[in-house]
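Numbering (numbering that gives the first Met the number 0), first residue to last: 0 to 247.
Glycine included, every Cβ here is placed at the ideal spot set by N, Cα and C.
Since the model is a prediction, treat every value here as computed from it, not as a measurement.
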Amino acid sequence: MKLFLCILVLAYASGICGKVLPDAVTKLLCHRSDPDLNECLLKNTGKILSLLANGIPSYNIDPIDPQNVKFMTTEGDIENVKINMIMKNITLYGLSTTKYNKYTFDPDSLTVDLSLFMPHLRMTCEYYATGRLFVLPLESSAYFDGNCYNSNITFNIRLKEVKRKGITYFAVEKITETVYTEKSTINLTSIVPAEQPAVNVIQNFYNQNNRLVLDTINPLVALHGPIYYQHVIDRFLRKVPAEELLPK
0 MKLFLCILVL
10 AYASGICGKV
20 LPDAVTKLLC
30 HRSDPDLNEC
40 LLKNTGKILS
50 LLANGIPSYN
60 IDPIDPQNVK
70 FMTTEGDIEN
80 VKINMIMKNI
90 TLYGLSTTKY
100 NKYTFDPDSL
110 TVDLSLFMPH
120 LRMTCEYYAT
130 GRLFVLPLES
140 SAYFDGNCYN
150 SNITFNIRLK
160 EVKRKGITYF
170 AVEKITETVY
180 TEKSTINLTS
190 IVPAEQPAVN
200 VIQNFYNQNN
210 RLVLDTINPL
220 VALHGPIYYQ
230 HVIDRFLRKV
240 PAEELLPK
């Protein structure tokens, strides 16, 4: 889950409204010629995120906290984990509390190094899953309510410039992610009441062996997270010319 990048926040604001932005947002946009560009990005991106947290209806800007995602799929087969999961009606809470510890952008190589801290992220959804965790069967369908606490996340992003109708836009060329979450808990309510005992087994195993499970599934998070982020970021970057997103 997402979860959101600084560059996505800027693209979100500019991409939806074009050049017609609230003055409070416009004055916080950074210029690539700024000798203190990285300091500007680190300081102002959090401010923009706070401004957009509840949305700005008069500018057609939807809230970003909570964030809603209609549909996602996850599948993987690694040591001790095999899973195929469909998630619907996903809601993420807590994105506006993100703290930006590091943001460096090289305008020549178009590379971004980003370090975030999220004190609390909550996710609710409806899911359908098959697979196994160690020897525990994961076949289930349930309403999911999960909480992650004290997550440290780093992103390495390489952008590229693409031209459409003579206008230059940014697009993601590559993105990698590392995540360490201190603690996570889940609550599962079976969609089929008769299957609640089996769902309880999955829930209790996760909560009682939290550190083991988080470390075991981390390679899947690192593999599938960037795929989702690239799709979301590119969706916004396609809407706003590079010069508007990061003026010279």
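Residue i: first and last residue of the uninterrupted beta strand (DSSP E) it sits in
| i | result |
| --- | --- |
| Cys-29 | Unbroken run through Cys-29: none, as it is neither H nor E. |
Reference residue i; option with closest CA among the options
| i | options | result |
| --- | --- | --- |
| Asn-183 | Glu-176, Lys-162, Asp-144 and Thr-175 | Sequence check: residue 183 is Ser here, not Asn. If we check each option's Cα against that of Ser-183, Asp-144 comes out closest. |
| Pro-139 | Leu-28, Gln-202, Lys-26 and Leu-219 | Here residue 139 turns out to be Ser, not Pro, going by the sequence shown. The option with the nearest alpha carbon to Ser-139 is Gln-202. |
| Thr-177 | Leu-158, Gly-165, Glu-160 and Asp-214 | Asp-214 |
| Pro-240 | Phe-169, Ser-32 and Ile-152 | Phe-169 |
| Thr-153 | Lys-101, Thr-73, Glu-160 and Arg-121 | Lys-101 |
| Pro-118 | Leu-132, Thr-97, Phe-70 and Phe-133 | Thr-97 |
| Val-191 | Tyr-127, Arg-210, Glu-172 and Lys-164 | Tyr-127 |
| Tyr-179 | Tyr-148, Arg-163 and Lys-247 | Tyr-148 |
| Leu-48 | Asp-33, Pro-34 and Asp-64 | Asp-64 |
| Phe-204 | Arg-131, Asn-83 and Gln-229 | Arg-131 |
| Ala-197 | Phe-116, Ala-141 and Ile-89 | Ala-141 |
| Asn-155 | Leu-50, Leu-187 and Glu-172 | Glu-172 |
| Ile-82 | Asn-53, Asn-208, Arg-163 and Phe-133 | Phe-133 |
Residues of its chain near residue i, where Cβ-Cβ distance is below 7 Å and the 5 sequence neighbours each way are ignored
| i | result |
| --- | --- |
| Pro-218 | Ile-77 |
| Leu-222 | Gly-75 |
| Lys-1 | Only weak support is given to the placement of Lys-1: the predicted model assigns it a pLDDT of 34, under 50, and the question is left unresolved by the model. |
| Phe-104 | Leu-36, Asn-37, Leu-40 and Val-111 |
| Pro-225 | Ile-174, Thr-175 and Glu-176 |
| Ser-114 | Asn-100, Lys-101 and Thr-153 |
| Ile-166 | Pro-240 |
| Val-161 | Tyr-168 and Ala-170 |
Distance between residue j and residue i (C-alpha atoms, nearest Å)
| i | j | result |
| --- | --- | --- |
| Leu-137 | Thr-129 | 5 Å |
| Ser-189 | Asn-199 | 9 Å |
| Leu-158 | Val-80 | 32 Å |
| Val-212 | Cys-124 | 20 Å |
| Glu-242 | Pro-106 | 12 Å |
| Ile-216 | Asn-151 | 16 Å |
| Ile-185 | Glu-194 | 17 Å |
| Ala-23 | Gly-93 | 22 Å |
| Gly-45 | Ser-95 | 8 Å |
| Glu-181 | Arg-210 | 8 Å |
| Thr-73 | Met-122 | 15 Å |
| Pro-56 | Pro-62 | 9 Å |
| Leu-245 | Phe-116 | 24 Å |
| Leu-187 | Val-220 | 20 Å |
| Ile-85 | Leu-51 | 29 Å |
| Cys-5 | Gln-229 | Because Cys-5 sits at a pLDDT of 42, beneath the cut-off of 50, its placement in the model cannot be relied upon, and the following sentence gives the value as read from the coordinates. Taking the straight line joining both Cα atoms gives about 13 Å. |
Delimiting residues of the alpha helix (DSSP H) encompassing residue i
| i | result |
| --- | --- |
| Leu-245 | Neither: Leu-245 is in no alpha helix (DSSP H) and is coded neither H nor E. |
| Gly-224 | 209-236 |
| Glu-138 | Segment: none, Glu-138 is in no alpha helix (DSSP H) and carries neither H nor E. |
| Gln-38 | The amino acid occupying residue 38 in the given sequence is Glu; Gln does not appear at that position. Looking at the DSSP string, the run of the alpha helix (DSSP H) that includes Glu-38 is 36-51. |
Paired residues, beta bridge with residue i - DSSP
| i | result |
| --- | --- |
| Tyr-102 | Leu-113 |
| Ser-150 | Met-117 and Thr-180 |
| Asp-76 | Lys-81 |
| Thr-188 | Tyr-142 |
| Lys-87 | Phe-70 and Glu-125 |
| Thr-167 | Lys-162 |
| Tyr-92 | Arg-121 |
| Gly-130 | Ile-82 |
Beta-carbon contacts of residue i that lie in its chain and below 6 Å, excluding the five residues immediately before and after
| i | result |
| --- | --- |
| Thr-110 | Arg-157 |
| Leu-120 | Gly-93 and Cys-147 |
| Lys-87 | Phe-70 and Glu-125 |
Beta-carbon contacts of residue i that lie in its chain and below 8 Å, excluding the five residues immediately before and after
| i | result |
| --- | --- |
| Asn-43 | Leu-27, Leu-28 and Cys-29 |
| Ser-310 | With the chain covering 0 to 247 only, the question about residue 310 has no answer from this structure. |
The ligand COA heavy atom lying under 7 Å from the CB of residue i
| i | result |
| --- | --- |
| Pro-62 | Within the structure as shown, the ligand COA is missing, as the structure has no ligands at all. |
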